[in-house]
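*Asks:*
Residue numbers (our numbering), protein chains in the order written: chain A, 1 to 360; chain B, 361 to 671; chain C, 672 to 932.
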């Protein structure tokens, strides 16, 4: 038998080890059965969707069961901040802006790209949360939703085509608009600025233009204004396409339209909470979430647009998830600048625009 | 707060037993009472410890946070700038006034309504009385959230309540949702059971002998009310006012869902600072400001009632 | 004339009840609505929404947690309020002004601020969100309300009765059991009820203190409402009220505890 030279043996061992390691880093990390994996996520149907679309795959592969810390993004983010020394959630669902903010604030940790086997299937426009270096990614996207317009076709005969239609005098007092701390607010400020001759870097005209609106109700979510819509006190609203689809399913008389200046895209994602013991488990959760199977499940439950290239939606579901807003009709924003400007812009909205909205 | 009334009332109550004791030659009781006094003081400990630990220390955390620089007001060191910023904004001053005003109006509206109901309720007897009072608490148990959803359905101009009236031409479409009227209606509906419960408990405890005595002296029902019921229920009215005012001024869901598009209250503003812009410093400063104002309001309520309460 | 006054009285009381309970009746009616939206025009009767609750086990566990928190915090708050009220009224003197303000302080701080501060405070001790923190904030939140009701009772309470009992040789605890507590019973029960209700339905003070294992019913409903409104929420509210009604009946019949005497 030929004796293996030491160098060659080491090389072989190294290669074998590397191949084993490479395989195991993409295989599911196994934990003790019954280990809790805590997901910080919106409650209600979102929680159910995550449980149904991601839960089974995750649990059967790793043995860990999902537990849910539910609430709106604000309280959940604040909890992470207050508990940064000893966080209790493993992963955090939020808007991409929140993920960027969390990374900056040091409460979220980036994920290693090589741990995410499905990353190659993710659409480029969805990868809005960058990692600190090329090896990592800040968080993964889990859906695309579009902020567009919905209106009552029985009450409004002249067609709605543009964001500018919101300022039509006949809609004064009958419009539902985003509240000043809505996630899309910075995008809406820029949209209004551009309508008024300004731009993303010159937003003063935008605040002036917004002050001219006459909303009847400010909505943080669609349920804030839905009963007013039912009674006819609101006839036109700005809202996410997934919620407009729900309203249509619930027999509200509402028609959707994508403004000609483009609808506003919103990417929501998942990030890893810093300071938790099992990073591999969290990365596996992220990987499962961006996988085609989970993406299809999420789309079915929530009418969110999938971010995985391989997902083919049946046409009925596609109509619900996109409400007419194809990618080309949407405008994507980089979340990083929004993190910096949101506090100041919210303050300007509260002190300069809201008083005008309150005056009648 | 009850500060003023405690001093006045305590003075009256404190004097009375002493004078009673001396009247009945009870000087021998004073020795016994001296020993008990220490234990009585000790009885304050549970409440004070609870509050000190679970409210006092967190409040210190809040106070410290209120002096910190934040993303809107970046500074190098701690200072009062958060407070000066909030006070300098006319819109915030307006919000503060509106919050207090909501509390005051809701209290002033609910109090007589609740008092009248609490006067009539004792006419019910036994199980019916129990059912009647318990029934009042059910709408609260259902949760403010769901009830306000109910109001959101009932109050719109073309909703099930006013819609038919408008269609038949009886009234012009009323604008209630989105105004303070809607907020106040839901606040009064929420606060009435508390008012009725408190006042009912008070009124029921007025000894019947006083009414019999008044009747035997020839007093009619109106006189009885003025000279017996009203004065003796004053402590209850004071307690109710304080409860109602704090419920009204701190309400969050009512103004949020039913109020005007842009009419914030201080509670929603503070919520916005914490939940939307994660500005703990400004939220803390606003909370401390609110605390100061609320203390002043409470003291005001108590001083208002001080001359009206007799032992 | 008397008849007219009596009639007006009953009419007024009925109007008050219609106003207070009306929205709840409306909500309960909507819970049987087969329409998919809430609110919506009445489309037909169905029990579908009640069955739908069964598919949401988190509502049940949250309701149970809320009940637990409410029961514990109300008991502690009422007991503390009794001792504090006793101490305040028994003696009198200079301190009471400051003390009364202190004892009402939870009423003066926004609940959302208390919640966040509590989370940060608990974090200092390695605790965090969860049952203990929730019970703590609910207790201090209820304490001023219970104290107000207890003080109302003490205002009419004649302390010479206690003195008489002491003079007959009874200790303080016996006196309380035989004299003070029975006379204050309506106030204590009312105080407990206040605290229980306010705790059960409270949202802001629990906002930051829930975690994956411990959450309250208002929070679960609020989270649900962010993405869906349907008659199921009306069904949940109706179920809560019915359960409360049954609980009251049981308390009254078997434990002889009544809200009113």
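Glycine included, every Cβ here is placed at the ideal spot set by N, Cα and C. Source: prediction; values computed, not measured.
Identify each residue in the region 401-435 of chain B for which the Cβ-Cβ distance to at least one residue of chain A is less than 7 Å, and report them in chain order.
*Replies:* Of all residues in the region 401-435 of chain B, 431 and 432 have a Cβ within less than 7 Å of some Cβ in chain A.
*Asks:* Does the Cβ of residue 204 of chain A have 16 or more other Cβ atoms within 10 Å, making it buried, or fewer, making it exposed?
*Replies:* What you label residue 204 of chain A is simply residue 204 of the first chain in a count that begins at 1. Exposed is the call here.
*Asks:* Assign residue 183 of chain A to buried or exposed, taking buried as 16 or more other Cβ atoms, counted over all protein chains shown, within 10 Å of its Cβ.
*Replies:* Stepping through the first chain from its first residue, residue 183 of chain A is reached at position 183. Label assigned to residue 183 of chain A: buried.
*Asks:* Could you check the C-alpha separation between residue 633 of chain B and residue 627 of chain B for me, to the nearest Å?
*Replies:* The count along the second chain starts at 1 and reaches residue 633 of chain B at position 273. The count along the second chain starts at 1 and reaches residue 627 of chain B at position 267. Their Cα atoms are separated by approximately 10 Å.
*Asks:* Rounded to whole angstroms, how far is the Cβ of residue 86 of chain A from the Cβ of residue 797 of chain C, which I believe are closer than 8 Å?
*Replies:* Numbered from its first residue, the first chain carries residue 86 of chain A at position 86. Numbered from its first residue, the third chain carries residue 797 of chain C at position 126. Going by Cβ atoms, the distance from residue 86 of chain A to residue 797 of chain C rounds to 7 Å, so yes, they are a contact pair.
*Asks:* At the level of alpha carbons, what is the spacing between residue 267 of chain A and residue 283 of chain A?
*Replies:* Sequence index remark: in the first chain, residue 267 of chain A carries index 267 (1-based). Sequence index remark: in the first chain, residue 283 of chain A carries index 283 (1-based). Spanning the two alpha carbons is a distance of roughly 19 Å.
*Asks:* Using the Cα positions of residue 758 of chain C and residue 821 of chain C, report the straight-line distance between them to the nearest angstrom.
*Replies:* Mapped onto the third chain, residue 758 of chain C falls at position 87. Mapped onto the third chain, residue 821 of chain C falls at position 150. Straight-line Cα distance between these residues: approximately 11 Å.
*Asks:* Output yes if chain A places a C-beta closer than 8 Å to the C-beta of residue 565 of chain B; else output no.
*Replies:* Working through the second chain from its first residue, we reach residue 565 of chain B at position 205. Judged by the 8 Å Cβ criterion, residue 565 of chain B is not in contact with chain A.
*Asks:* Does the Cβ of residue 567 of chain B have 16 or more other Cβ atoms within 10 Å, making it buried, or fewer, making it exposed?
*Replies:* The residue labelled residue 567 of chain B in the question sits at position 207 within the second chain. Under this definition residue 567 of chain B is an exposed residue.
*Asks:* By the 8 Å beta-carbon criterion, what residues does the region 896-910 of chain C contribute toward chain A?
*Replies:* Within the region 896-910 of chain C, the residues whose Cβ lies closer than 8 Å to some Cβ of chain A are 896, 897, 898, 899, 900 and 901, listed in chain order.
*Asks:* Do you know how far the Cα of residue 426 of chain B is from the Cα of residue 276 of chain A?
*Replies:* Indexing the first chain from 1 puts residue 276 of chain A at position 276. Indexing the second chain from 1 puts residue 426 of chain B at position 66. The alpha-carbon atoms of residue 276 of chain A and residue 426 of chain B are separated by roughly 30 Å.
*Asks:* Going straight from the alpha carbon of residue 635 of chain B to that of residue 78 of chain A, what length do you get?
*Replies:* On the second chain, residue 635 of chain B is found 275 positions in, with the first residue counted as 1. On the first chain, residue 78 of chain A is found 78 positions in, with the first residue counted as 1. Those two C-alpha atoms are separated by around 7 Å.
*Asks:* Output needed in chain order: residues of the region 532-552 of chain B with a Cβ under 7 Å from some Cβ in chain A.
*Replies:* Under the 7 Å Cβ criterion, the region 532-552 of chain B contributes 537 and 538.
*Asks:* Quick check: what's the CA-CA separation for residue 364 of chain A versus residue 910 of chain C?
*Replies:* With chain A represented from 1 up to 360, any question about residue 364 of chain A goes unanswered, as that position is not in the structure.
*Asks:* In three-state terms, what does DSSP make of residue 252 of chain A?
*Replies:* Here the question's residue 252 of chain A lines up with position 252 in the first chain. It is coil, neither helix nor strand.
*Asks:* Going by the beta-carbon positions, is the gap between residue 403 of chain B and residue 648 of chain B smaller than 8 Å?
*Replies:* Position 43 of the second chain, counting from 1, holds the residue named residue 403 of chain B. Position 288 of the second chain, counting from 1, holds the residue named residue 648 of chain B. Going by C-beta atoms, residue 403 of chain B is not nearer than 8 Å to residue 648 of chain B.
*Asks:* Specify the secondary structure class of residue 266 of chain A as computed by DSSP and reduced to three states.
*Replies:* Translated into positions along the first chain, residue 266 of chain A becomes position 266. The answer is strand: DSSP assigns residue 266 of chain A an E or B state.
*Asks:* Is it buried or exposed, residue 303 of chain A, if we count other Cβ atoms within 10 angstroms and call 16 or more buried?
*Replies:* Stepping through the first chain from its first residue, residue 303 of chain A is reached at position 303. When all chains shown are included, residue 303 of chain A counts as buried.
*Asks:* Under 7 Å Cβ-Cβ, which residues of chain C neighbour residue 68 of chain A?
*Replies:* Taking the first chain and counting its residues from 1, the one referred to as residue 68 of chain A is at position 68. Chain C residues near residue 68 of chain A: 883.
*Asks:* With a threshold of 16 other CB atoms inside 10 Å of the CB of residue 593 of chain B, please say whether the residue is buried or exposed.
*Replies:* Here residue 593 of chain B corresponds to residue number 233 of the second chain, with the count starting at 1. Counting Cβ neighbours within 10 Å, residue 593 of chain B comes out buried, since at least 16 surround it.
*Asks:* For residue 239 of chain A, which three-state DSSP category applies?
*Replies:* Translated into the one-based positions of the first chain, residue 239 of chain A becomes position 239. Residue state, collapsed to three classes: strand.
*Asks:* Beta-carbon of residue 513 of chain B versus every beta-carbon of chain A: anything under 8 Å?
*Replies:* As a first step, residue 513 of chain B must be located in the second chain, where it is residue number 153. Yes, its Cβ sits closer than 8 Å to a Cβ of chain A.
*Asks:* So, using beta-carbon positions, are residue 44 of chain A and residue 898 of chain C closer together than 8 Å?
*Replies:* One-based indexing of the first chain puts residue 44 of chain A at position 44. One-based indexing of the third chain puts residue 898 of chain C at position 227. Contact flag set, yes.
*Asks:* Can you list, in chain order, the residues of its chain with a C-beta nearer than 7 Å to that of residue 651 of chain B? Leave out the 5 residues immediately preceding and following it.
*Replies:* For the purposes of this step, residue 651 of chain B is identified with residue 291 of the second chain, where counting begins at 1. Contacts found: none.
*Asks:* Give me whichever residues DSSP pairs with residue 93 of chain A in a beta bridge.
*Replies:* Along the first chain, read from residue 1 onward, the residue named residue 93 of chain A stands at position 93. A:270.
*Asks:* According to DSSP, is residue 356 of chain A helix, strand or coil?
*Replies:* Within the first chain, the letter at position 356 stands for residue 356 of chain A. Residue 356 of chain A: helix per DSSP, three-state reduction.
*Asks:* Check the C-beta distance from residue 142 of chain A over to residue 270 of chain A and give it rounded, since I have them as a contact under 8 Å.
*Replies:* What you label residue 142 of chain A is simply residue 142 of the first chain in a count that begins at 1. What you label residue 270 of chain A is simply residue 270 of the first chain in a count that begins at 1. The pair is a contact, with the Cβ atoms about 5 Å apart (cut-off 8 Å).
*Asks:* Under 8 Å between the Cβ atoms of residue 75 of chain A and residue 888 of chain C?
*Replies:* Indexing the first chain from 1 puts residue 75 of chain A at position 75. Indexing the third chain from 1 puts residue 888 of chain C at position 217. Going by C-beta atoms, residue 75 of chain A is not nearer than 8 Å to residue 888 of chain C.
*Asks:* Considering Cα atoms alone, identify which of A:167, A:36, A:61 and A:162 is closest to residue 69 of chain A.
*Replies:* Position 69 of the first chain, counted from the first residue, corresponds to residue 69 of chain A. For the residues A:167, A:36, A:61 and A:162, the minimum Cα distance to residue 69 of chain A belongs to A:36.
*Asks:* For residue 387 of chain A, which residues in the same chain have their Cβ closer than 7 Å to its Cβ, ignoring the five residues on either side in sequence?
*Replies:* Only positions 1 to 360 of chain A appear in this structure, which leaves residue 387 of chain A out of reach.
*Asks:* With respect to the beta strand (DSSP E) encompassing residue 143 of chain A, which residues constitute its N-terminal and C-terminal limits?
*Replies:* Here residue 143 of chain A refers to the residue found at position 143 of the first chain. Residues 140-151.
*Asks:* Return the CA-CA distance between residue 904 of chain C and residue 853 of chain C, expressed in angstroms with no decimal places.
*Replies:* Residue 904 of chain C sits at position 233 when you count from the first residue of the third chain. Residue 853 of chain C sits at position 182 when you count from the first residue of the third chain. Taking the straight line joining both Cα atoms gives about 40 Å.
*Asks:* With 16 other CB atoms within 10 Å as the buried threshold, where does residue 365 of chain B fall?
*Replies:* Taking the second chain and counting its residues from 1, the one referred to as residue 365 of chain B is at position 5. Unreliable positioning characterises residue 365 of chain B in this predicted model, as indicated by a pLDDT of 35, which lies under 50. The coordinate reading is nonetheless provided below. Answer is buried; the Cβ neighbour count reaches 16.
*Asks:* Identify every run of the alpha helix (DSSP H) within the region 700-786 of chain C, keeping only runs that are complete inside it and at least 4 residues long; order them along the chain.
*Replies:* If we require 4 residues or more, the alpha helix (DSSP H) runs fully inside the region 700-786 of chain C come out as 719-725, 728-762 and 767-774.
*Asks:* For residue 223 of chain A, count the other beta carbons within 10 Å of its own beta carbon; 16 or more makes it buried, fewer makes it exposed. Which is it?
*Replies:* Residue 223 of chain A sits at position 223 when you count from the first residue of the first chain. Buried: at least 16 other Cβ atoms inside 10 Å.
*Asks:* Counting only Cβ pairs nearer than 8 Å, list the residues of chain C close to residue 75 of chain A.
*Replies:* Locating residue 75 of chain A in the first chain gives position 75, where the first residue counts as 1. Result: 878 and 879.
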